[in-house]
Amino acid sequence: MRKFTSAAVLSCGVSICSVMLLVAGAHEAWARDDTPYSFSIPAKPRLSALADFTAATGIQVVRPDAGAIRGISRAVSGRYSAETALREILAGSNLGYHFTGPRTVAIEAPGASVGYGGDVVTLDTISVTGGAQDIGRGGVSEINITRADIERRNATDVKGLFRGEAGVTVGSPLPMSQKVYVHGIEETNLAVSIDGARQNNKVFHHNATTMIDPNLLKAVRIDAGVAPVDSGAGALAGAIAYVTKDARDFLSGDGFGGSLKSIFNFNGHVSTNNLTSYSRQGGFETLGSLTYGKGNEFRAGNGQEVLGTATNFLSGIGKAAYQGIEGQRFAISHEQMRDDAIRPFRANAAQIVDVRPTPLLRPYKLDRQNTVFTYTDDSPEGWWDPKFVLAYTRSKVAVDQYSGATIDTYSYTSEGVTESFNGKLENKFALPIGNIVAGLDFYRDRAEYTDKDYRTAERASNFGAYAQARLRPWERTRLSFGLRGEHQHFEGVNGFRSSDQGLSGNVSGEHDLTSFLTAKAGYSRVWAGIPLSENYAQNPAWNYGAGPKSVTSNNSTAGLVAHYGSFELEGGVFRTQINDARVPLWAPDMALRAFNLQTQGFQAGGTYNWADGFVRVRFIRIDAEIDGKPANSYVGRYLTAPIGDVLTFQAVHTIAPWKLTVGGDVEIVFDNNTLFDPATGIGRLEGYQVLNAFIEHRSFYLPSLKMRGEIRNLFNATYTARGTYGLEFGNGLVRPLYESGRSFLASLRLDF
Numbered sequence: 009m010r011k012f013t014s015a016a017v018l019s020c021g022v023s024i025c026s027v028m029l030l031v032a033g034a035h036e037a038w039a040r041d042d043t044p045y046s047f048s049i050p051a052k053p054r055l056s057a058l059a060d061f062t063a064a065t066g067i068q069v070v071r072p073d074a075g076a077i078r079g080i081s082r083a084v085s086g087r088y089s090a091e092t093a094l095r096e097i098l099a100g101s102n103l104g105y106h107f108t109g110p111r112t113v114a115i116e117a118p119g120a121s122v123g124y125g126g127d128v129v130t131l132d133t134i135s136v137t138g139g140a141q142d143i144g145r146g147g148v149s150e151i152n153i154t155r156a157d158i159e160r161r162n163a164t165d166v167k168g169l170f171r172g173e174a175g176v177t178v179g180s181p182l183p184m185s186q187k188v189y190v191h192g193i194e195e196t197n198l199a200v201s202i203d204g205a206r207q208n209n210k211v212f213h214h215n216a217t218t219m220i221d222p223n224l225l226k227a228v229r230i231d232a233g234v235a236p237v238d239s240g241a242g243a244l245a246g247a248i249a250y251v252t253k254d255a256r257d258f259l260s261g262d263g264f265g266g267s268l269k270s271i272f273n274f275n276g277h278v279s280t281n282n283l284t285s286y287s288r289q290g291g292f293e294t295l296g297s298l299t300y301g302k303g304n305e306f307r308a309g310n311g312q313e314v315l316g317t318a319t320n321f322l323s324g325i326g327k328a329a330y331q332g333i334e335g336q337r338f339a340i341s342h343e344q345m346r347d348d349a350i351r352p353f354r355a356n357a358a359q360i361v362d363v364r365p366t367p368l369l370r371p372y373k374l375d376r377q378n379t380v381f382t383y384t385d386d387s388p389e390g391w392w393d394p395k396f397v398l399a400y401t402r403s404k405v406a407v408d409q410y411s412g413a414t415i416d417t418y419s420y421t422s423e424g425v426t427e428s429f430n431g432k433l434e435n436k437f438a439l440p441i442g443n444i445v446a447g448l449d450f451y452r453d454r455a456e457y458t459d460k461d462y463r464t465a466e467r468a469s470n471f472g473a474y475a476q477a478r479l480r481p482w483e484r485t486r487l488s489f490g491l492r493g494e495h496q497h498f499e500g501v502n503g504f505r506s507s508d509q510g511l512s513g514n515v516s517g518e519h520d521l522t523s524f525l526t527a528k529a530g531y532s533r534v535w536a537g538i539p540l541s542e543n544y545a546q547n548p549a550w551n552y553g554a555g556p557k558s559v560t561s562n563n564s565t566a567g568l569v570a571h572y573g574s575f576e577l578e579g580g581v582f583r584t585q586i587n588d589a590r591v592p593l594w595a596p597d598m599a600l601r602a603f604n605l606q607t608q609g610f611q612a613g614g615t616y617n618w619a620d621g622f623v624r625v626r627f628i629r630i631d632a633e634i635d636g637k638p639a640n641s642y643v644g645r646y647l648t649a650p651i652g653d654v655l656t657f658q659a660v661h662t663i664a665p666w667k668l669t670v671g672g673d674v675e676i677v678f679d680n681n682t683l684f685d686p687a688t689g690i691g692r693l694e695g696y697q698v699l700n701a702f703i704e705h706r707s708f709y710l711p712s713l714k715m716r717g718e719i720r721n722l723f724n725a726t727y728t729a730r731g732t733y734g735l736e737f738g739n740g741l742v743r744p745l746y747e748s749g750r751s752f753l754a755s756l757r758l759d760f
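Structural data, given as structure tokens:
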């Protein structure tokens with residue numbers, strides 16, 4: 009059944025749909041569809057890539073007015089509609105296209121006359137990046153980390169994954185204690201998912217909440233602030249969706265393959281090695297990926313060895329799927345991440361001066377796992393486009409406890425476990441002007457702490473119903489709005505029980521003011537129920553009184569985006585207010601401890617793309633307040649951290665004849681004195697500048713071999729990254745963790 013463009017392409021998400029137009033030829037109309045084709049086209053000369061496009065789709069490509077088609081196309085690997093793949097091949101070429109018949113497309117040069125009737129779709133003002141098609145939905149505050157971004161950044165931790173994104177801050181140099189802040193809000197206030205599975209990771213405030221291996225990831229989507237209701241429950245300040253790789257991302261048809269990747273960091277002699285294998289045969293797919301990292305402590309810019317920063321982690325994922333000839337797809341995956349090493353006594357700080365004597369270091373073991381079953385229909389028709397997800401997620405932290413000031417006074421090992429059994433059933437209804445996603449979801453979360461003398465646990469069960477519309481009612485206008493209703497049952501450590509319910513809603517839109525200027529804005533109000541406490545803060549003597557209040561939030565954003573040729577400029581403002589945010593302490597009367605939080609600011613940026621590279625600059629200012637006072641990282645744990653002003657640059661260029669890519673990024677963080685106390689001299693946040701650069705070469709004689717050299721922190725700055733715990737307290741109370749000094753990395757990747 010062939011679908012018309014206005015219904016079909018919009019079902020892919022507003023980010024793609026907003027740039028696809030209905031083309032009705034004067035002599036022959038063509039009703040486009042979104043039937044997925046399998047592509048495995050590497051980066052290659054664009055003319056050759058178009059030939060591969062024809063071979064995969066059967067659509068003939070003609071070029072009556074385009075003249076010579078030059079340049080190197082981006083890689084297209086996976087299952088996409090024909091139009092999506094064509095746009096990817098032509099991206100950055102300044103060429104347009106025009107469908108002249110059901111199986112024929114003409115490539116047109118800018119300003120060329122169209123001899124077939126209809127309009128030419130031009131690409132010179134459109135930014136389409138590889139991998140984003142799988143995850144982008146066109147949100148007004150959406151940030152997409154694509155597969156190309158992940159590979160280019162060559163990350164081994166979450167900090168590297170988001171490098172260059174000014175609106176995303178990651179504190180701590182240790183992967184097992186890194187926390188992600190989006191527009192200044194800590195990630196436990198966002199709806200975080202991995203392959204659609206809800207994450208419930210509030211275990212211990214000294215360690216990470218979602219530690220994940222970038223080697224396993226295909227893409228990441230962030231809705232900063234305003235998030236659609238189909239992002240899941242608890243999207244107080246937005247959402248983060250991590251998506252892992254599938255076999256079909258590597259293979260367009262039956263076959264098998266794999267890759268070996270090794271990264272060696274000379275600062276600490278850290279070796280990170282990944283082995284991935286995948287296969288497809290007769291509708292069955294498998295993928296397995298394993299990463300092992302091992303190394304010593306690194307040295308900071310001042311030459312000092314940063315104790316407790318040794319690398320010892322193991323991560324992996326196993327996937328199996330079956331897809332029938334009619335498109336029904338069943339998939340199951342299990343992903344796990346384990347970090348086990350000697351860390352600082354509080355893993356997010358070098359040392360905290362305490363009245364209780366403690367060792368400087370102790371063992372930490374963090375184990376996070378994610379098991380997901382998914383059913384989808386990859387050949388949807390009309391109103392039938394279902395998705396069913398059932399998942400179990402678990403995070404465990406085990407920490408040694410001591411009776412004295414040395415590691416020899418070991419007493420026992422405490423343990424915190426958070427887990428979630430969750431799922432959803434939804435359907436995407438295609439409409440002539442867009443689509444509506446409607447569904448039901450649930451979660452059953454538990455947070456448990458085990459000490460030598462007692463065991464505590466809090467539980468929460470939640471059921472929700474939602475609907476989110478993404479529409480294009482007029483040619484120049486995109487709208488999105490949704491409503492969500494939920495009911496939650498909460499159970500405390502001492503048997504206390506309460507129930508509450510609430511509504512969440514959002515509305516956002518974009519309107520093309522001119523051919524080159526777009527205005528966008530959005531607002532959301534979110535009800536999130538009662539959040540579970542951190543495991544290590546739980547006290548069996550807690551008194552809940554009348555019970556904790558449900559947490560709510562208000563988010564707003566507005567901005568402008570301008571396109572001119574290969575330039576894109578954007579700017580906007582944002583604000584998030586969270587009310588009754590629960591952050592309890594261990595004391596018996598602190599079970600209901602809560603704050604009102606506000607972050608606000610503005611951002612601006614620009615991008616210039618050309619056929620073989622790009623330059624990108626981003627600036628953001630983030631101001632955070634807790635109960636009307638400037639936020640610090642102690643009161644703000646699980647809420648926010650002092651960020652301030654951040655400026656980032658990224659630049660990449662590929663010299664195609666040499667198979668060589670060079671690039672780099674710069675992060676400039678400015679001084680922040682909002683917490684400075686002149687009487688004590690404490691509270692000053694010093695700025696820093698960090699430059700990273702790389703050169704990458706694909707072998708002439710063995711094209712499947714990629715070699716890379718990299719320098720991180722080229723100027724050998726001695727600094728503590730924003731978002732790191734305790735950086736504003738000075739060395740008297742808290743010694744924050746320094747980031748790694750100048751580091752040389754060598755990488756090899758072999759595909760087979």
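Quick note, the numbering used here runs 8 ahead of the 1-based positions in the sequence shown.
Idealized CB from N, CA, C, for every residue including glycine.
* Asked: Just the Cα atoms here: how many angstroms apart are Ser279 and Phe321?
  -> 11 Å
* So the alpha helix (DSSP H) Ile158 belongs to, where does it begin and stop? -> In the DSSP annotation of this structure, the continuous segment of the alpha helix (DSSP H) that includes Ile158 starts and ends at Arg155 to Arg161.
* To do: Give the single residue among Asn551, Glu518 and Val405 whose Cα lies nearest to the Cα of Leu568.
  => Glu518
* Pairwise C-alpha distance: Ala205 and Phe381 -> 9 Å
* Assuming Asn209 contacts Thr217 (C-beta within less than 8 Å), just tell me the rounded distance between them. => Confirmed, Cβ separation roughly 4 Å.
* In terms of residues, what are the limits of the alpha helix (DSSP H) holding Ala59? -> Arg54 to Thr65
* To do: Within its chain, find whatever has a CB closer than 6 Å to the CB of His277; leave out the 5 residues flanking it on each side and keep chain order.
  => Gly303 and Asn304
* To do: Would you tell me roughly how many angstroms separate the C-alpha atoms of Glu36 and Glu91, rounded to the nearest one?
  => Low local confidence applies: a pLDDT of 33 at Glu36 is under 50, so the model's placement there is unreliable, and no value is given.
* **Whole beta strand (DSSP E) elements within the stretch 407-450, 3-residue minimum** => 418-439
* According to DSSP, is Asn197 helix, strand or coil? -> helix
* With 16 other Cβ atoms within 10 Å as the buried cut-off, status of Asp221 -> buried
* **Local conformation of Ile97 per DSSP, three classes** => helix
* Tyr544 by DSSP, collapsed to three states: which one? -> helix
* **Same chain, Cβ closer than 6 Å to Gly530, neighbours up to 5 away in sequence not counted** => Counting only Cβ-Cβ distances below 6 Å, and skipping sequence neighbours, we find Val148, Val234, Ser516 and Thr565.
* Would you identify the three-state DSSP class for Ala754, choosing helix, strand or coil? => strand
* Asked: For the candidate residues Arg78, Ile49, Leu58 and Ser180, whose alpha-carbon lies nearest to that of Pro744?
  -> Ser180
* Ala399 versus Gly431 - alpha carbon distance -> 6 Å
* **Residue from Ser260, Ser403, Thr317 and Val200 with nearest C-alpha to Gly291** => Ser260
* To do: Would you kindly work out how many angstroms separate the C-alpha atoms of Glu456 and Ala406, rounded to a whole number?
  => Their Cα atoms are separated by approximately 12 Å.
* **Secondary structure, beta strand (DSSP E): runs of 3+ residues fully inside the stretch 620-652** => 621-634
* To do: With distances taken Cα to Cα, identify the nearest neighbour of Gly242 among Val534, Ala227 and Val742.
  => Val534
* Start and end of the beta strand (DSSP E) containing Leu605? -> Ala602 to Trp618
* Asked: Around the C-beta of Gly717, are 16 or more other C-beta atoms found within 10 angstroms, so that it is buried, or is it exposed?
  -> exposed
* Does the Cβ-Cβ distance between Gly369 and Ile340 come in under 7 Å? -> This sequence places Leu at residue 369; Gly is not what is there. For Leu369 and Ile340, no; Cβs fall outside 7 Å.
* Taking the DSSP output, what are the residues bridged to Ser523? -> In DSSP, Ser523 forms no bridge with anything.
* **Spatial distance of Gln409 from Ala725 (CA atoms)** => 35 Å
* Asked: By the 10 Å Cβ neighbour count, where 16 or more other Cβ atoms means buried, how is Pro352 classified, buried or exposed?
  -> buried
* Burial state of His661, where buried means 16 or more other Cβ atoms lie within 10 Å -> So His661 counts as exposed.
* Taking the C-alpha atoms as reference points, what is the distance between Asn356 and Leu511? -> The straight-line gap from Cα to Cα measures roughly 36 Å.
* Asked: Mapping DSSP to helix, strand and coil, what is Leu224?
  -> helix
* Asked: For the candidate residues Met598, Pro236, Thr319 and Pro665, whose alpha-carbon lies nearest to that of Val445?
  -> Distances from the alpha-carbon of Val445 to those of Met598, Pro236, Thr319 and Pro665 put Pro236 closest.
* Secondary structure, beta strand (DSSP E): runs of 3+ residues fully inside the stretch 463-523 -> Counting only runs of 3 or more, we get 463-482, 485-499 and 505-520.
* For my contact list, Asn604 and Asp635 are in at a C-beta cut-off of 8 Å; report their separation, rounded to the angstrom. => 6 Å
* With burial defined as no fewer than 16 other Cβ atoms inside 10 Å of the residue's Cβ, what is the status of Ser748: buried or exposed? -> Classification for Ser748: buried.
* **Burial state of Gly263, where buried means 16 or more other Cβ atoms lie within 10 Å** => exposed
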